[in-house]
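In the working numbering, the protein residues as written are 224 to 359. Where is the CB? At the ideal position from N, CA and C, for every residue including glycine.
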Amino acid sequence: MITFRLDRRSGVTPYLQLVQQVRQAVRLGWLQEGDQLPTAREVVAALGINQNTVHKAYRELERDGVVLSRPGVGTFVLASLSARRAAQDPAIRHQLDSWVTAARDAGLDDDDMRAVFEAALAEGEPAAPRQAEQRS
């Protein structure tokens, strides 16, 4: 089961943080089809947020086809967000772990690393256009 965390300094609304954490956990295989999410009551008790915030996050995930809510039973992961399991590839994970170690050794904190990573993502070409160019 997922354990939610909130970063109140991030500027990202709590409901969106919950949505992002579920999507990431599904992409990385930490949540599988059929896994149950914590109840709204459990999330409220753990994080001290409004129950409507949790319901809003779960509704968005349901609308996107990630989860299925069954009243009186719970909210369950419906499908994987990734057709490819590259996010679980040991070689990719090892390279990323090595990069994080090198970044920490260079004195970067978590926020610095996120900024570098986000910049690299923004500067890189999207995969889909590159693949289309290769087919031409």
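Give me the Cα-Cα distance between residue i and residue j, rounded to the nearest whole angstrom.
i    : j    : result
V235 : G295 : 30 Å
A314 : L251 : 14 Å
A343 : A325 : 16 Å
R232 : D312 : 32 Å
V289 : R246 : 8 Å
CB-CB under 7 Å to residue i, same chain, minus the five flanking residues each way: which ones, in chain order?
i    : result
E285 : L291, S292
T276 : P237, Y238
Looking only at C-alpha atoms, which of the options sits nearest to residue i?
i    : options                : result
G297 : Y281, D335, D312       : Y281
K279 : Q240, W253, L344       : Q240
D230 : D334, A263, L319       : D334
L301 : G257, L331, F340       : G257
L254 : A263, F299, D328, R264 : F299
Could you name the residues of the same chain whose beta carbon sits closer than 8 Å to that of residue i, not counting the 5 residues immediately before and after it, in chain order?
i    : result
F227 : Q240, L241, Q244, P261, V266, A269, L270
E346 : none
Output yes or no for whether 8 Å exceeds the beta carbon distance between residue i and residue j.
i    : j    : result
M224 : Q274 : no
Excluding the five sequence neighbours on either side, which residues of its own chain have a C-beta within less than 6 Å of the C-beta of residue i, listed in chain order?
i    : result
I272 : P237
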